[in-house]
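Structure, as structure tokens:
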Ligand code: 0PR
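Residue numbers (the numbering used here): 3 to 380.
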């Protein structure tokens with residue numbers, strides 16, 4: 003740091019320099035985040051100093067967190083009549099860490115392992131390391147859903163939990179949660195569902211899936227408002243079916259205004275909680291459905307248009323994530339980047355991964371399709 007500090011105008015000029023280097027979302031087809039809704043930004047700024055880590059000082063913010071939890075609980079079919087065991091996290095990574103931490107602590111073993119789909123998000127690789135839990139990766143079938151026989155073959159007496167993904171990061175696929183639940187119930191094992199992305203999509207698409215607390219064996223769920231929920235970052239949600247499971251996370255906080263804490267982080271953004279509340283309250287179910295259905299409509303246009311020049315998806319998209327089989331994929335990605343587009347490549351199989359988020363308009367999508375066609379034709 004400089005001894006003398008810097009005048010405000012110069013500081014602003016310097017942050018604007020950096021801001022210019024950042025991309026705007028409009029040409030980004032690789033992200034699961036999007037422009038937050040303006041009402042979320044307004045609410046976030048209004049609560050910018052609020053710390054949910056010491057919520058006795060911010061009872062209004064705490065109340066808002068409670069209302070967000072109620073709204074998310076209804077998306078998740080949380081058993082009614084009980085106050086949800088849940089809190090707002092910093093996102094999918096924290097939620098997944100905390101869920102696996104509970105699963106590990108509930109079972110008495112020196113050599114804990116969890117069985118996750120090979121398609122799981124890389125946050126689970128961090129979890130394996132942090133929590134010292136062995137990761138056993140189950141195969142996926144031709145539809146890129148986790149294979150139940152493979153899951154069963156990996157379970158042993160040290161298995162502390164199973165994981166299913168409702169909306170995989172790379173393909174937007176939904177694992178057979180009901181079948182995983184049957185295995186979990188039969189074997190008496192904890193089941194966590196990672197719906198970080200899908201949690202805000204599945205309730206609003208036409209096809210119906212078993213994926214949430216309606217499925218008896220589901221112990222906990224991750225759902226992220228800062229992805230398809232159009233909230234500000236960082237906003238994640240973590241829900242437990244049983245309060246006593248969440249109690250495994252409880253830490254005494256003697257000198258704070260509240261006696262105990264469940265979160266992984268200490269200081270916790272009240273702004274993001276307020277932002278999340280504001281956008282969900284404003285849009286309601288109908289507004290969210292419109293947002294999701296527009297993303298799905300555009301996804302279908304993309305798939306149809308790509309087929310017209312001989313490019314097909316690896317799986318028929320379930321949600322607004324498409325992976326396209328493209329010859330000479332690295333060259334195509336470079337070509338698209340030269341034209342200003344940001345796209346990504348899935349791991350297995352390697353395919354052109356595109357996420358059609360709310361920031362993509364039909365006009366933008368059609369410009370992309372034109373550039374994509376040209377790039378493919380070389
Ligand atoms: N679980 C699933 C299914 C996810 O897709 C993700 C993130 C996580 C957990 C972890 O969530 P947090 O990143 O909130 O901790 N999925 C995307 C990814 O990492 C997120 C993303 C967002 C990627 C914006 C790129 C980007 O520009 O691939």
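The beta carbon of each residue, even a glycine, is placed where N, CA and C say it ideally should be.
Judged by DSSP in its simplified three-state form, residue 327 adopts strand. Annotation for residue 272: the continuous alpha helix (DSSP H) segment containing it runs 272–310.
In terms of CA proximity to residue 243, 104 leads the group 380, 104, 375.
Its chain contains 290, 291, 294, 295 as the residues whose beta carbon lies nearer than 7 Å to that of residue 206, once the 5 sequence neighbours on both sides are disregarded; these appear in chain order. Here residue 46 carries a helix assignment [DSSP, helix/strand/coil].
The Cβ neighbour count for residue 165, taken over all protein chains shown within 10 Å, is at least 16; the residue is labelled buried. Residue burial annotation: residue 80 is buried, with at least 16 other C-beta atoms found within 10 angstroms of its C-beta. Secondary structure of residue 265 (DSSP, three-state): coil. Those residues that have a beta carbon less than 5 Å away from any non-hydrogen atom of the ligand 0PR are, in order along the chain, 33, 34, 35, 93, 94, 95, 123, 125, 171, 196, 198, 199. Boundaries for residue 216: no beta strand (DSSP E) harbours it, and the DSSP string shows neither H nor E there.
Excluding sequence positions up to five before and after residue 237, its CB lies within less than 6 Å of the CB of 227, 228, 274, 278, all in the same chain and listed in chain order. The distance from the Cβ of residue 109 to that of residue 162 is about 4 Å, consistent with a contact at the 8 Å cut-off. Contact between residue 322 and residue 301 holds, with the beta-carbon distance rounding to 5 Å and staying under 8 Å. Within the DSSP bridge table, the entry for residue 162 names no partner.
By the Cβ neighbour-count rule, residue 98 is buried, with 16 or more other Cβ atoms within 10 Å of its own. Cβ atoms of residue 27 and residue 284 stay farther apart than 8 Å, at about 20 Å.
Per DSSP, the unbroken alpha helix (DSSP H) holding residue 152 starts and ends at 150–156. In the three-state reduction of the DSSP assignment, residue 366 falls in the helix class, which pools H, G and I.
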